[in-house]
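So the protein lines, in turn, are chains V and P. Position in the first sequence counted from 1, then plus 6, gives you our numbering. Position in the second sequence counted from 1, then plus 1047, gives you our numbering. Glycine included, every Cβ here is placed at the ideal spot set by N, Cα and C. Values in this document were obtained by computation on a predicted structure and should not be read as measured data.
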Amino acid sequence: MTELSTRHGLGRILVFVYGVFALSATARALVQLATQASTAPVAYTLSLFSGIVYIVATWALATERRRVALVTICVELTGVLVIGTLSHPDDLDRASVWSDYGNGYGFVPLVLPLLGLWWLWRIGRSTRPTD
Amino acid sequence: MTSLQIALTALAVVVALWLVVLIARDRQPDDWVYGSLALLELGLVVQLVIGLVRLGGEHEGVNVAAYVGYLVGSLVILPAGFVWSVGERTRAGTGVLLVAVAVIPVLFLRIHQLWSV
Chain V
7 MTELSTRHGL
17 GRILVFVYGV
27 FALSATARAL
37 VQLATQASTA
47 PVAYTLSLFS
57 GIVYIVATWA
67 LATERRRVAL
77 VTICVELTGV
87 LVIGTLSHPD
97 DLDRASVWSD
107 YGNGYGFVPL
117 VLPLLGLWWL
127 WRIGRSTRPT
137 D
Chain P
1048 MTSLQIALTA
1058 LAVVVALWLV
1068 VLIARDRQPD
1078 DWVYGSLALL
1088 ELGLVVQLVI
1098 GLVRLGGEHE
1108 GVNVAAYVGY
1118 LVGSLVILPA
1128 GFVWSVGERT
1138 RAGTGVLLVA
1148 VAVIPVLFLR
1158 IHQLWSV
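Written as structure tokens, this is what we have:
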């Protein structure tokens, strides 16, 4: 039996999904900044920020750093809600994965932080944090 | 989509369904699964080569950086999923493979969109 931890069981799948988003959000931002940085520097920097948030969340969940994971996922949820509200649904060149609440990514960016928080809450109830 | 993408999507769907069966029956992936994943990865390498050759021809309006980014980035998903999956030989580990396989057709759609502007 594996003990309940951030990276076992459902957490195993969660870490991988976070990893996929870390890769896609960061790669997307780097392409934007490398090829058209002057078009919308603020939006593309925000795009890079979302990528970094996913990288930190992936790392924290994969290495059992629950406090870091909690803070990062809260930032992620705030990000997708704020950017989702401020961005326009009809904006064809969506600037980040959080634009329009992650509509361009099947709304996974909106569901993922909720899943992450639920998972941290669930394992937190049954085991004592290690850090 | 190209015929290669359609064929690989069909393979990905079959593998995904088989992984669902394995998860439901609490069985570990067999050689058939790993062989299919290797075949999918090989197909992605072929897609990268074809994609780069296509860029040698007419590609007015195509976002080249994003297009190449997707072609190269798609190669990472399956190996990463495999490594992360074998670290935990449970239903969840098999679930990681399911997510990895499910991502591939989505990438095809994006690559197709990027090419047909």
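Quick one: using the 10 Å Cβ neighbour count with 16 as the cut-off for buried, is Gln1075/P buried or exposed?
When all chains shown are included, Gln1075/P counts as exposed.
Got a sec: is the Cβ-Cβ distance from Leu118/V to anything in chain P below 8 angstroms?
So, not an interface residue.
Using beta-carbon positions only, say whether Gly1128/P and Leu1154/P come within less than 8 angstroms of one another.
Pairing Gly1128/P with Leu1154/P gives a Cβ-Cβ distance that is not under 8 angstroms.
Please check if any C-beta of chain V sits within less than 8 angstroms of the C-beta of Val1164/P.
Taking Cβ atoms only, chain V never reaches closer than 8 angstroms to Val1164/P, which makes this a no.
Could you tell me if Gly1116/P is buried or exposed, where buried requires 16 or more neighbouring beta carbons within 10 angstroms of its beta carbon?
By the 10 Å Cβ count, Gly1116/P comes out buried.
Cβ of Ala1127/P within 8 angstroms of any chain V Cβ:
With 8 angstroms as the cut-off, Ala1127/P counts as an interface residue toward chain V.
What are the boundary residues of the alpha helix (DSSP H) that Glu82/V is part of?
Element bounds for Glu82/V: Arg72 to Leu92.
Closest Cα partner of Val77/V within the set Arg131/V, Ala63/V and Phe55/V
Of all alpha-carbon atoms in Arg131/V, Ala63/V and Phe55/V, the one lying nearest the alpha-carbon of Val77/V is that of Ala63/V.
Going along chain V in order, which residues have a C-beta closer than 8 angstroms to the C-beta of Gly1140/P?
Result: Arg18.
By Cβ distance below 6 angstroms, which residues in the same chain neighbour Val1062/P in space, the five residues on each side in sequence not counted?
Its chain contains Ser1083 and Val1148 as the residues whose beta carbon lies nearer than 6 angstroms to that of Val1062/P, once the 5 sequence neighbours on both sides are disregarded; these appear in chain order.
Out of Ser56/V, Ser132/V and Ala66/V, point me to the one whose CA is closest to Pro115/V's CA.
Closest by alpha carbon: Ser56/V.
Gln1160/P versus Val1060/P, Gly1108/P and Pro1126/P, residue with shortest Cα-Cα distance:
Closest by alpha carbon: Gly1108/P.
May I have the straight-line CA-CA distance separating Thr8/V from Arg1136/P, to the nearest angstrom?
The pLDDT assigned to Thr8/V is 47, lower than 50, so where the model puts this residue is not dependable, and the model offers no usable value.
Tell whether a beta-carbon distance below 8 angstroms holds between Ser102/V and Ser30/V.
Cβ distance not < 8 angstroms, so Ser102/V and Ser30/V don't count as in contact.
Grab me the residues of Ile61/V's own chain with a C-beta within less than 6 angstroms of its C-beta, minus the 5 sequence neighbours each way, in chain order.
Taken in chain order, the residues that qualify are Ala28.
Look at the alpha carbon of Tyr107/V and the alpha carbon of Thr12/V, and state the distance between them as a whole number of angstroms.
Rounded to the nearest angstrom, the two C-alpha atoms are 25 angstroms apart.
How about Thr41/V: is its C-beta nearer than 8 angstroms to some C-beta of chain P?
It does: the Cβ of Thr41/V has a partner Cβ on chain P nearer than 8 angstroms.
Do Trp104/V and Leu20/V count as a contact pair if the criterion is CB distance below 8 angstroms?
Between Leu20/V and Trp104/V, the C-beta gap is not smaller than 8 angstroms, which leaves the two residues out of contact.
Along chain V, in chain order, which residues have C-beta atoms closer than 8 angstroms to that of Gly1120/P?
Per Cβ cutoff of 8 angstroms: Leu29, Ser30 and Ala33.
In three-state terms, what does DSSP make of Trp127/V?
It is helical.
Tell me the DSSP secondary structure of Val26/V in three-state form.
Assigned with DSSP and collapsed to three states, Val26/V falls in helix.
Taking Ala1113/P as the query, report the chain V residues whose CB atoms sit under 7 angstroms from its CB, ordered along the chain.
Neighbours of Ala1113/P in chain V, taken as residues whose beta carbon is under 7 angstroms from its own, are Val37 in chain order.
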